[in-house]
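K.L.:
This structure is in structure tokens; I'll ask about it shortly.
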Amino acid sequence: MNFPVKIVEEDLAARVARVSAIAAKHADSVDFDGRFPYEAVEAMRAERLLGIQIPRHFGGEGATIAQIAELCSMLGQACSAAAMVFAMHHIKLCSLVEHGAESEWHRAFMQRVALEQLLIGSATTEGGIGGNLRNSICAIEVDGDTCRLVKDATVISYGSYADAIMITSRAHANAASSDQVLTVFLKEQYTLEKTHAWNTLGMRGTCSDGFLFKGEALAKQILPKPFAEIAAQSMLASSHLLWSGVWYGIAVDAVGRAQAFVRAAARKSLGTPPPGALRLAEVSNLLQMVRSNVVAGLKAYEDAKGDADKLSSMGFAVTMNNVKIASSETILEIVNHAMLICGIMGYKNGTPFSVGRHLRDAHSAQLMISNDRILGNTSSMLLVHKQDTSLLG
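Quick note on numbering: my numbering labels position 146 of the sequence shown as 979, and the sequence is numbered without any gaps.
Right under this line is the structure:
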């Protein structure tokens, strides 16, 4: 397949900076109206950011998870909803890139994602499983060259706006709930009947309504590897690391607003430290802790990448789980500190120091995926696995 000549290849950060500028203009309205961040996503397409993770020989740019996490952080500082959409898209894309290269259909689909800048949604939750993505009730039906699936998906990330959805199910009607597969359905291959409205405290712009999903596609659109392998070897790490990048970006912007508030107060009372100065130093320390945590997680992933045994090991799972727990719990503390520093000006909406949106989005971090579920999984693994405590890894 022939690919168009690339636009002059610029630094990824410069391209995301342009998207971020657009996203920031609409961040408050996206949140207030609970609407999809159209402008930011169209800017991502214009800057060709939706296909950057695709390998170069399939028309992408071969961007690493570390690079994408940095972009998530940049977007998170501008508009958390845009950053979340970007992160969720690339989490699904990671599963495709890491596990779809052996399949002709999925290779061609990767080329389409890069060429057409398709947005990929996710449907891993289901009514009756309590948010446990490693279990399914629905089962995919394979009939010759065709597959069919009906799923009561309580949440589909930006389902109405996706160009394709990657969806989990049991491998067949007699399969155990944990015997799952992951299938790519193109927009023209499924219908969505809305069952739940996404009216939430935070994450409002992701528009992740619930739907009754009904799809029919080619059987070869089912990824060849079991979802258990995909989840352990790509989805676990990409999910925890990219979400942590988003949360870090939200925290950076909140701390930036707090710092601006303290500086403004300092200019009004020369020679006297403003009341929030000490708390600003505290929150700077917390922010650095989150950054160090995410950077360490990214290094652990890069060290394990390409080694299926390492990626599937208990030690790696514990490390990634700990990254998620630490990031998601600390961001809430950081944003709350920022609100205390800014006082009523941070509590009010529509001021340069408002952090209400940040605080509401920060609360979602402990729910995506539930920290209680992650801690339960980690505790089970620690019964049989000795945690790595070396400073050098």
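Even for Gly, the Cβ is constructed at its ideal location relative to N, Cα and C. Fair warning: this is a prediction, and the values are worked out from it, not measured in the lab.
So, does the region 868-877 touch the region 1207-1220, judging by three or more C-beta pairs under 8 Å?
P.N.:
As far as the Cβ criterion goes, the region 868-877 does not touch the region 1207-1220, which means the pair count is below three.
K.L.:
Mind checking which residues open and close the alpha helix (DSSP H) that includes H922?
P.N.:
In the sequence shown, the residue the question calls residue 922 occupies position 89. Start and end: 913-932.
K.L.:
What are the complete alpha helix (DSSP H) segments, minimum 4 residues, inside the region 1076-1132?
P.N.:
Listed in chain order, there is nothing to give.
K.L.:
If we count Cβ pairs, one from each stretch, closer than 8 Å, do we get three or more for the region 1115-1126 versus the region 1213-1221?
P.N.:
Output reads no: the region 1213-1221 does not touch the region 1115-1126.
K.L.:
Which residue marks the beginning of the beta strand (DSSP E) containing T1024, and which one marks its end?
P.N.:
To locate residue 1024, count along the sequence shown from 1; it is residue 191. Counting along the chain, the beta strand (DSSP E) containing T1024 begins and ends at 1023-1029.
K.L.:
With a threshold of 7 Å on Cβ separation, who are the neighbours of H922 within its own chain once the five nearest residues in sequence on each side are excluded?
P.N.:
Taking the first residue of the sequence shown as 1, we reach residue 922 at position 89. Excluding residues within five positions, the ones whose Cβ falls inside 7 Å are L883, L952, I953.
K.L.:
What do you reckon, is the C-beta of T1105 under 7 Å from a heavy atom of the ligand NAD?
P.N.:
Ligands displayed in this structure: none; no statement on the ligand NAD is therefore possible.
K.L.:
Less than 8 Å between the beta carbons of S1011 and A1061, yes or no?
P.N.:
Taking the first residue of the sequence shown as 1, we reach residue 1011 at position 178. Taking the first residue of the sequence shown as 1, we reach residue 1061 at position 228. Yes, these two residues count as a Cβ contact at 8 Å.
K.L.:
Using a 10 Å radius around the Cβ and a threshold of 16 neighbouring Cβ atoms, would you call Q1066 buried or exposed?
P.N.:
In the sequence shown, counting from the first residue as 1, residue 1066 sits at position 233. Per the 10 Å Cβ criterion, buried.
K.L.:
Looking at C-alpha atoms only, which residue of A1133, F1186, G1048 is the closest neighbour of L1225?
P.N.:
Position 392 of the sequence shown holds residue 1225. Out of A1133, F1186, G1048, A1133 has the C-alpha closest to the C-alpha of L1225.
K.L.:
Assign T1184 to one of three DSSP states: helix, strand, or coil.
P.N.:
Start at 1 with the first residue of the sequence shown, and residue 1184 comes out as number 351. Three-state result, T1184: coil.
K.L.:
How many angstroms separate the CA atom of R1227 from the CA atom of P1106?
P.N.:
In the structure displayed, the chain extends from 834 to 1226; residue 1227 sits before or after that span and is not available.
K.L.:
Within 10 angstroms of the Cβ of G1078, are there 16 or more other Cβ atoms? Answer buried if so, exposed if not.
P.N.:
Your numbering for residue 1078 matches position 245 in the sequence shown. The residue in question, G1078, is buried, as its Cβ has 16 or more Cβ neighbours within 10 Å.
K.L.:
Taking 8 Å as the threshold (C-beta atoms), are S1041 and G992 in contact?
P.N.:
The residue given as residue 992 occupies position 159 in the sequence shown. The residue given as residue 1041 occupies position 208 in the sequence shown. Contact flag set, yes.
K.L.:
Three-state secondary structure (DSSP) at K839?
P.N.:
In the sequence shown, residue 839 corresponds to position 6, counting from 1. For K839, the predicted structure reports a pLDDT of 41, less than 50, and the residue's modelled location is therefore unreliable. The matter cannot be settled from this model.
K.L.:
Can V918 and T1039 be called in contact, C-beta distance under 8 Å?
P.N.:
Walking along the sequence shown from the start, residue 918 turns up at place 85. Walking along the sequence shown from the start, residue 1039 turns up at place 206. The answer is yes: Cβ separation under 8 Å.
K.L.:
For C1175, which residues of its own chain have a beta-carbon under 7 Å away from its beta-carbon, when the five flanking residues on both sides are left out?
P.N.:
Translated into positions along the sequence shown, residue 1175 becomes position 342. Around C1175: R1090, A1091, F1094, F1186, V1188.
K.L.:
Check this for me: beta carbons of A986 and F1018, under 8 Å apart or not?
P.N.:
Along the sequence shown, one-based indexing puts residue 986 at 153. Along the sequence shown, one-based indexing puts residue 1018 at 185. Contact: no.
K.L.:
Beta strand (DSSP E) containing C1040: first to last residue?
P.N.:
Taking the sequence shown and counting its residues from 1, the one referred to as residue 1040 is at position 207. C1040 -> no beta strand (DSSP E), and no H or E assigned at all.
K.L.:
At a cut of 8 Å, does the region 972-983 reach the region 901-920 through at least three beta carbon pairs?
P.N.:
No, they do not touch.
K.L.:
Using the Cβ count rule (16 or more neighbours within 10 Å means buried), how would you classify Y1023?
P.N.:
Looking up residue 1023 in the sequence shown gives position 190. When all chains shown are included, Y1023 counts as buried.
K.L.:
In this structure, does DSSP put V863 in helix, strand or coil?
P.N.:
Locating residue 863 in the sequence shown gives position 30, counting from the first residue. Note: V863 maps to helix in three-state DSSP.
K.L.:
Using DSSP with H/G/I as helix, E/B as strand and the rest coil, what is S1002?
P.N.:
Indexing the sequence shown from 1 puts residue 1002 at position 169. If DSSP states are grouped into helix, strand and coil, S1002 belongs with the strands.
K.L.:
Under 8 Å between the Cβ atoms of Y1081 and S990?
P.N.:
Numbered from 1 along the sequence shown, position 248 holds the residue referred to as residue 1081. Numbered from 1 along the sequence shown, position 157 holds the residue referred to as residue 990. Result no, Cβ atoms of Y1081 and S990 do not sit closer than 8 Å.
K.L.:
Is it buried or exposed, F836, if we count other Cβ atoms within 10 angstroms and call 16 or more buried?
P.N.:
Position 3 of the sequence shown, counted from the first residue, corresponds to residue 836. In this predicted model, F836 has a pLDDT of only 38, less than 50, meaning its place in the structure is not dependable; the value taken from the coordinates is given anyway. Under this definition F836 is an exposed residue.
K.L.:
Looking only at C-alpha atoms, which of L1074, V1088, A1006, Y994 sits nearest to Q900?
P.N.:
For the purposes of this step, residue 900 is taken as the residue at position 67 of the sequence shown. When each option's Cα is compared against that of Q900, the closest is L1074.
K.L.:
Which residue wins for smallest C-alpha separation from A956, given the options D866, A934, N968, Q950?
P.N.:
Counting from 1 along the sequence shown, the entry for residue 956 is found at position 123. Per the Cα distances, N968.
K.L.:
Taking 8 Å as the limit between beta carbons, can you name the residues of its chain near E931, skipping five residues before and five after?
P.N.:
As a working note, residue 931 is residue 98 in the sequence shown. Contacts found: I1063, Q1066, S1067.
K.L.:
From G1035 to P870, what does the alpha carbon distance come to, in whole angstroms?
P.N.:
Residue numbering aside, residue 1035 sits at position 202 when the sequence shown is read from its first letter. Residue numbering aside, residue 870 sits at position 37 when the sequence shown is read from its first letter. Spanning the two alpha carbons is a distance of roughly 14 Å.
K.L.:
Taking the alpha-carbon positions, what's the N1191 to A1129 distance?
P.N.:
Translated into the one-based positions of the sequence shown, residue 1191 becomes position 358. Translated into the one-based positions of the sequence shown, residue 1129 becomes position 296. Here residue 1191 is His; the residue named in the question, Asn, does not match the sequence. When rounded, the distance between both Cα atoms is 24 Å.
K.L.:
Could you spell out the range, first to last residue, of the beta strand (DSSP E) harbouring D985?
P.N.:
Position 152 of the sequence shown, counted from the start, is the residue given in the question as residue 985. Segment 979-986, the beta strand (DSSP E) holding D985.
K.L.:
Is DSSP giving Q950 helix, strand or coil here?
P.N.:
Here residue 950 is taken as the residue at index 117 of the sequence shown, counted from 1. Three-state result, Q950: coil.
K.L.:
How is K1157 classed by DSSP in three states: helix, strand or coil?
P.N.:
Position 324 of the sequence shown holds residue 1157. DSSP places K1157 in helix when its eight states are reduced to three.
K.L.:
Rounded to the nearest angstrom, what separates G929 and E935 at their Cα positions?
P.N.:
Taking the sequence shown and counting its residues from 1, one reaches residue 929 at position 96. Taking the sequence shown and counting its residues from 1, one reaches residue 935 at position 102. Here residue 929 turns out to be Leu, not Gly, going by the sequence shown. Cα to Cα, the separation comes out at about 10 Å.
K.L.:
Are there 16 or more other CB atoms within 10 angstroms of the CB of R1100, so buried, or fewer, so exposed?
P.N.:
The residue you call residue 1100 lines up with position 267 of the sequence shown. With fewer than 16 Cβ atoms within 10 Å of its Cβ, R1100 is classed as exposed.
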